Amino acid sequence: MSTTAVMPHSPDESWTLPSRGIVGMVCLIVAESAIFIIFVVAYVFYLGKSLSGPTPGEVLHLPIFTSICLFSSSFTVHRAVTSLEHSRRSACTVWLALTVLLGGIFLCGTGIEWHELIYIDGLTIKTNLFGTTFYSLVGLHASHVLIGLIMLSLALLFSLRGKMNSRHGERLEVLSLYWHFVDAVWAVVFLVVYVFGK
Amino acid sequence: MATQTPTTAALDQARSRGQRPLWLETVHEWVTTVDHKRIGLMYIGYALFFLIVAGFEALLMRIQLAIPNNTFVSPQTFNRLFTMHGTTMVFFVGMPILFGFGNYLIPLMIGARDMAFPRLNAFSFWISAFGGLLLYFSYLGGDGLYGMGSAPDVGWFAYAPLTARVFSPGHSTDYWTLSLLLTGIGTIGTALNIVATTICLRCPGMKLNRMPLLVWIYLVTSLLAFVAIGPLTAAQIMLMLDRYAGAHFFDTQAGGSAVLWMHFFWIFGHPEVYILVLPAFAFANEIIPVFSRKAIFGYPAMVAATVGIGFISLSVWAHHMFTVGMGAWANTFFTFATMIISVPTGIKIFNWLATLWGGRIHFTVSMMFAVGFLFQFLIAGLTGIMLSVAPFDWQLGSSYFVVAHFHYVLVGAILFMLFSAFYYWYPKMTGRMLSEKLGKWHFWLFLIGFHLTFDLMHIPGMLGMPRRIYTYEADRGWAILNMLVSSGAVFQSIASLLFVWNLVHSYFKGAIAGSDPWDAWTLEWSTTSPPPPYNFAVIPTVSSRRPLWDLKHPEDADSNYEM
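Here is the structure:
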């Protein structure tokens, strides 16, 4: 067979496949989940095994306000996506701005909490196993929030300059998927670290 | 060329019209490329380079072990050699070569023009390549301030507390950690790309149940990579925090657990074995039917077995840890899970045999390697079942029996199937055939060398020779066996050199292949060899699992028998 075969083609047959952006993001979420699971397992495994204080019960306080902020930012980013899909561009800008604000509040809350833990309670990553696992797990999550915030701020910037329209709806949806994932991880971290782990 | 429309003919000529490109232009083209075929070839080339490096390290170790009380290398050097050999072979030979073939073949096989995310593809390759360089840079940079240590010497699974600052001063372990972290990122990127390509870019008519089995297996392998590489990445982050930030994850002095590292590493490590071996199955699924002149036997069973292996491989990791003392229940569970995984693997072997059965078998070099793979993989699986029994493992764990077992998988199965894939797809990649005559020399020399080395290696293991020792006393009765094992390595080295020579020589002097030298059935053979940058001038439409068979035999098309 030296000649190249001619493959038949019939362009009129309907053939639709899922969007690559969403599939790609779902894959990333699966891979990231595996990383988080290992950190959660390490946290649970070392619960109560620290050789010295302070213990979670002594120093941790429920971060209720900031958690509510983060969870509601899932709602606002969802509204931003639906607004963009319906070509309501200014509504999209407002919802995006709200999302960035809520995410920012959460990150500031984490910063204040860490400041207190380090300077008042004297808990650092070196102190004991609790410090090691706590800072790495919460820090890993916070770094994901930070990355999400940077991307959302970029989207907000584009939106403010009027560069975003309904054609970008799918990209914003991909970004929102990541943000929902970050929120879902916080739900797990919140339950493991602040509710059951105390 | 029949597929060329006037537009594509103009495209093709745009490049050839001018003069030959400058050397620097060619380099620039390759460095900046996002073409899946070029990235695939770069993956393969980079893996072949490290294959030679890590093979050379193995050769040095075999020289050291050939006679008792040898002083060819120092114990320190020996530790570095087996660490670098293992790390390189797994992360910088196995993974990149499999992803290289995947990158090259998947878009061609599903009738797409490129991967789903071409730039991510290039990023993944370069970050992995950087990881490999970083590992070997440790030979220069590993000294650190302490002036001791060069390359990492903690073994490829780097058990704690060997990796702690106290026991591993200098930077060698840091280079090891960083390079694994970086290749891990590259691996996740490529795996993500493969999944998105397979799901989103199939040509019209290429339903999931019509995809070539190779693509199916790469899909499962990639999904497995997500769940396997994640734990490795997490463990490496923890190790870095331990070494740099003073955390205590694996610090036994502060209540940390060394066994936790073992769990995390093997949660990655065992699925990793399947990530490496599944693509070998994938090649077998394409090559064995073509050279048996029969469609693959039991396509749905093959897919089911692949998915089954994917799931079960996540629950067998602790069979690497029987000697730790996990307790009876854990031992029973992991023994059982490990035995269960031989069921889907057995299904695959029977299906390949059934494909061969009654076929008109063509013994090309590619097929010879594939048949070698079948036998050797079976034996590797049988010693695997032996080792899965916890009490048996207590006797032979960390002995040369284990080394022989996993090299039977990695060399006897995976490397043989890789050679087979080279002989099969080299004509597509370069447009030239590999020399069959040199190939036969390569096959027989490698086969003899392989069996000399790895069959006999089981025996010193049973006689009590532990792995990772740099020398042994003359009165142990291991001397003759070790000498024979080492002489097998020489055969394999010569065969590998022949193979490299064949690759280079055939590139310039090989017979012109044409687009379909094997009279095969999958889409990659419907385009020219090598394929143009856009792969297909017109996106094809398929209506069965063997589109080219349908085209060549319209009177007896597969699509008549499929639903």
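Residue numbers (this note's numbering), protein chains in the order written: chain A, 807 to 1004; chain U, 836 to 1398.
Ideal placement from N, C-alpha and C gives every residue a C-beta, glycine not left out.
Small disclaimer: the values here were computed from a predicted structure and weren't measured.
For residue i, decide whether its Cβ has a neighbour in chain U, counting only Cβ atoms nearer than 8 Å.
i                 : result
SER808 (chain A)  : Because the pLDDT of SER808 (chain A) is 39, which lies under 50, any placement of that residue in the model is unreliable, and the number read from its coordinates should be weighed accordingly. Closer than 8 Å: yes.
GLY830 (chain A)  : yes
LEU834 (chain A)  : yes
LYS1004 (chain A) : no
ALA837 (chain A)  : yes
LEU981 (chain A)  : no
ILE841 (chain A)  : yes
THR916 (chain A)  : no
ILE844 (chain A)  : yes
ILE931 (chain A)  : yes
PRO860 (chain A)  : no
ALA848 (chain A)  : yes
TRP821 (chain A)  : yes
Going by DSSP, what residue range makes up the alpha helix (DSSP H) through residue i?
i                 : result
MET1097 (chain U) : 1093-1127
TYR941 (chain A)  : 935-966
ILE1214 (chain U) : 1200-1223
ILE844 (chain A)  : 826-851
PHE987 (chain A)  : 975-995
VAL1050 (chain U) : 1048-1075
PHE992 (chain U)  : It is not in any alpha helix (DSSP H) - PHE992 (chain U) carries neither H nor E in the DSSP assignment.
MET1161 (chain U) : Taken as a continuous stretch (DSSP letters only), MET1161 (chain U) belongs to no alpha helix (DSSP H), as it is neither H nor E.
GLY880 (chain U)  : 871-901
SER878 (chain A)  : 870-891
VAL865 (chain A)  : 862-865
TRP1313 (chain U) : From DSSP, TRP1313 (chain U) is part of no alpha helix (DSSP H); its letter is neither H nor E.
MET1030 (chain U) : The residue asked about is misnamed: residue 1030 (chain U) is Val in this sequence, not Met. Counting along the chain, the alpha helix (DSSP H) containing VAL1030 (chain U) begins and ends at 1007-1035.
CYS898 (chain A)  : 895-925
GLY820 (chain U)  : Nothing about residue 820 (chain U) can be read from this structure; chain U reaches only from 836 to 1398.
ASN938 (chain U)  : 930-944
From the DSSP output, which residues share a beta bridge with residue i?
i                 : result
SER1234 (chain U) : U:PRO1301
ARG1401 (chain U) : Shown here, chain U extends from 836 to 1398; a query on residue 1401 (chain U) therefore has no answer.
If we define contact as Cβ-Cβ less than 8 Å, is residue i a contact residue for chain A?
i                 : result
PHE1168 (chain U) : no
THR1061 (chain U) : The residue you asked about is not Thr; residue 1061 (chain U) is Phe in the sequence shown. It does: the Cβ of PHE1061 (chain U) has a partner Cβ on chain A nearer than 8 Å.
VAL1030 (chain U) : yes
ILE1294 (chain U) : no
TYR1006 (chain U) : Correcting the residue type first, residue 1006 (chain U) is His in the shown sequence and not Tyr. No, HIS1006 (chain U) lies away from the interface with chain A (no Cβ there is under 8 Å from its Cβ).
PHE1289 (chain U) : no
THR1056 (chain U) : no
ARG1037 (chain U) : yes
ALA1165 (chain U) : no
MET1156 (chain U) : no
ILE1023 (chain U) : yes
ILE1034 (chain U) : yes
MET1073 (chain U) : yes
TRP1384 (chain U) : no
LEU1095 (chain U) : yes
HIS1083 (chain U) : yes
GLY1091 (chain U) : yes
How many whole angstroms separate the CB atoms of residue i and residue j, which I take to be in contact at a CB cut-off of 8 Å?
i                 : j                 : result
VAL869 (chain U)  : PRO953 (chain U)  : 4 Å
SER1364 (chain U) : ALA1348 (chain U) : 5 Å
ALA947 (chain U)  : CYS1038 (chain U) : 7 Å
VAL1244 (chain U) : ALA1215 (chain U) : 4 Å
GLY1081 (chain U) : ILE844 (chain A)  : Not confirmed; about 20 Å, so no contact.
SER1148 (chain U) : ILE1176 (chain U) : 6 Å
ASN1337 (chain U) : LEU1273 (chain U) : 4 Å
Taking 7 Å as the cut-off, is the C-beta of residue i nearer than that to any heavy atom in the ligand NAP?
i                : result
LEU923 (chain A) : As far as ligands go, the structure on display features none, and thus does not contain the ligand NAP.
Is the stretch 964-974 of chain U touching the stretch 1389-1396 of chain U in the sense that three or more CB pairs, one from each, lie closer than 8 Å? no
May I ask you to verify whether the stretch 1023-1033 of chain U touches the stretch 1094-1109 of chain U, counting CB pairs closer than 8 Å and requiring at least 3? no
Determine, using beta-carbon pairs with one atom in the stretch 1150-1160 of chain U and one in the stretch 1191-1208 of chain U, whether at least three such pairs fall under 8 Å. no
Pair every Cβ in the stretch 991-998 of chain U with every Cβ in the stretch 1069-1086 of chain U, then say whether three or more of these pairs are closer than 8 Å. yes
Counting beta carbon pairs with one atom in the stretch 1183-1194 of chain U and one in the stretch 1260-1267 of chain U, are three or more of them shorter than 8 Å? no
Say whether the stretch 927-936 of chain A touches the stretch 893-907 of chain A, bearing in mind that this needs 3 or more beta-carbon pairs closer than 8 Å, one atom from each stretch. no
Touching by the beta-carbon criterion (3+ pairs, under 8 Å), the stretch 1231-1239 of chain U and the stretch 901-918 of chain U: no
Within 8 Å, do at least three Cβ pairs link the stretch 915-924 of chain A to the stretch 880-895 of chain A? no
Any chance the stretch 893-911 of chain U sits against the stretch 1003-1020 of chain U, with 3 or more Cβ pairs inside 8 Å? no
Are at least three pairs of beta-carbons, each pair with one atom in the stretch 1113-1121 of chain U and one in the stretch 962-974 of chain A, less than 8 Å apart? no
If we count Cβ pairs, one from each stretch, closer than 8 Å, do we get three or more for the stretch 902-909 of chain U versus the stretch 1322-1330 of chain U? no
Using 8 Å as the cut-off, can you tell me whether the stretch 1349-1369 of chain U makes contact with the stretch 934-947 of chain U, which would need three or more C-beta pairs spanning the two stretches below that distance? yes
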